[in-house]
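A short worksheet on the structure shown next.
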Amino acid sequence: MTGRYLGCNASFAAFIGMPRIQIIGKTVYDIAPKALADIYHTSDLELAKRQGVQVYESRTPYADGSYRDVVFYKALFTNTEGIPEGLVGIMLDITDRKRVEEKVRDMGERFHQLFSQNWDAILLLSPETFRVVDANPAAGKMFGYDDNALIFLELSAILDADDLARLADLLANSDHAGSVQLDKATVMPKDGMNITVSIRCKLIKIDSDQFVYCSFRDIGESIRLKKEMQETQAKLIHANRMTALGVLTAGIAHEINNPNSYISQMRPFCPRPGTMPFPSCGAMARSTERYTWEDCPLPRCSR
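Take a look at the structure:
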């Protein structure tokens, strides 16, 4: 074997940007940079020595000057007498696949960062058994377990049985596209101090596997603050009512005090019952049978 090309197809010629007639008779050092040609040549010698099939990845210059990721599949071929005559190979361009894999890795890394850094407790559950598959640090903190102890723990160990039944029923009747939520549920951490939480769950797919993504948010503090706000509001309403009642009472007292004051001030001028208010009026009353108070000259009357 001389290491020279005996033939190639049109796709190979288009890939490296040379006509087929110029490739035949050339070596890898004639069509590839020396660094890559050394790799190709060493791989070919190794295959010729041990025979069989060889598969490896490499980066190869493309016709436009860029580099493409490829997989080489090579095998030794022999003549009718079993004597090695050369190598036959297939070159598979995997550049696009590598880009997609890289994007998936980036997305996976971003997902893992969001998963790990989220303030809410997050569990990934098996949809069949509700067994914990993965947990973020916030979940370990909420439930009182380290990350490894949570793995493979069943959800029934940390969630109230009635709430678990409600959650399972919601997931069973969901359309698998939206999320389901329990506004109020009780979880039972390892230390035994129950926590009131809201739970949001969604069926997700990672690669070809399906999981239940569950986030748990502690709402105990918000419930306490809401209760305090309601109590404060009730106190304010009561205070406003008492203020209005005080104003009303003061107004009524004022209306009663006005005539009382007038009566008290006029009391010295009022005679005892059965007596005439002024002597002159009494004399007039005795001297005439027709006497009315309108006839009394009050300004001239004396006591």
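For the sequence shown, the positions run 16 to 318 when the working numbering is used. For glycine and all other residues, C-beta sits at the position ideal for the given N, C-alpha and C.
For residue i and residue j, what's the separation of their Cα atoms in angstroms?
| i | j | result |
| --- | --- | --- |
| R125 | N133 | 12 Å |
| I39 | C23 | 8 Å |
| P34 | N94 | 28 Å |
| Y71 | D108 | 12 Å |
| D135 | L197 | 15 Å |
| K205 | Y160 | 7 Å |
| G18 | H56 | 8 Å |
| H253 | V262 | 14 Å |
| I219 | S26 | 41 Å |
| N163 | Q69 | 41 Å |
| R318 | N255 | Because R318 carries a pLDDT of 41, less than 50, the predicted location of this residue cannot be relied on, and no value is offered for it. |
| I173 | K217 | 19 Å |
| E117 | D222 | 14 Å |
| S143 | F226 | It should be pointed out that residue 143 corresponds to Glu in this sequence rather than to Ser. Those two C-alpha atoms are separated by around 9 Å. |
| Q128 | N151 | 10 Å |
| M106 | F30 | 10 Å |
| L62 | D121 | 36 Å |
| G193 | L179 | 19 Å |
| T110 | N209 | 53 Å |
| S276 | E270 | 10 Å |
I want to check one thing, is the minimum distance from the CB of residue i to the heavy atoms of the ligand MG below 7 Å?
| i | result |
| --- | --- |
| E270 | Here there are no bound small molecules, and the ligand MG is not part of this structure. |
Let's test the definition: count the other Cβ atoms within 10 Å of the Cβ of residue i and tell me whether it reaches 16, buried, or not, exposed.
| i | result |
| --- | --- |
| V202 | buried |
| I267 | exposed |
| S131 | exposed |
| M257 | exposed |
| D59 | buried |
| R188 | It should be pointed out that residue 188 corresponds to Asn in this sequence rather than to Arg. Exposed: under 16 other Cβ atoms inside 10 Å. |
| M244 | exposed |
| L260 | exposed |
| A249 | exposed |
| V43 | buried |
| A47 | buried |
| K89 | buried |
| L182 | buried |
| L251 | exposed |
Mind checking who residue i pairs with in its DSSP beta bridge?
| i | result |
| --- | --- |
| I210 | V202 |
| Q225 | K220 |
| D149 | L139 |
| P76 | Y82 |
| Q69 | K89 |
| I233 | The residue asked about is misnamed: residue 233 is Asp in this sequence, not Ile. Answer is V212, bridged to D233. |
| Q4 | Here the chain has residues from 16 to 318 only, and residue 4 is not among them. |
| T42 | R19 |
| E169 | R146 |
| L251 | For L251, which the question treats as bridged, DSSP gives no partner whatsoever. |
Starting from the C-beta of residue i, find all residues in its chain whose C-beta is less than 7 Å away, skip the five residues before and the five after it, and write them out in chain order.
| i | result |
| --- | --- |
| T211 | K199, T201, I234, G235 and I238 |
For residue i, which residues of its own chain have a beta-carbon under 8 Å away from its beta-carbon, when the five flanking residues on both sides are left out?
| i | result |
| --- | --- |
| A28 | P34, R35 and I38 |
| R146 | L140, F167, L168, E169 and L170 |
| R74 | L51, Y82, R83, D84 and V85 |
| F231 | D135, A136, I137, L138, A154, M157, V202, V212, S213 and I214 |
Please go through the same chain and pick out, in chain order, the residues whose beta-carbon is closer than 6 Å to the beta-carbon of residue i, but skip the five residues on each side of it.
| i | result |
| --- | --- |
| L185 | V195 |
| Y20 | I38, I39 and K41 |
| D149 | L139 |
| D175 | T201 |
| request: Give, in chain order, every unbroken run of the beta strand (DSSP E) that is at least 3 residues long and sits entirely within the stretch 88-116. | output: 99-108
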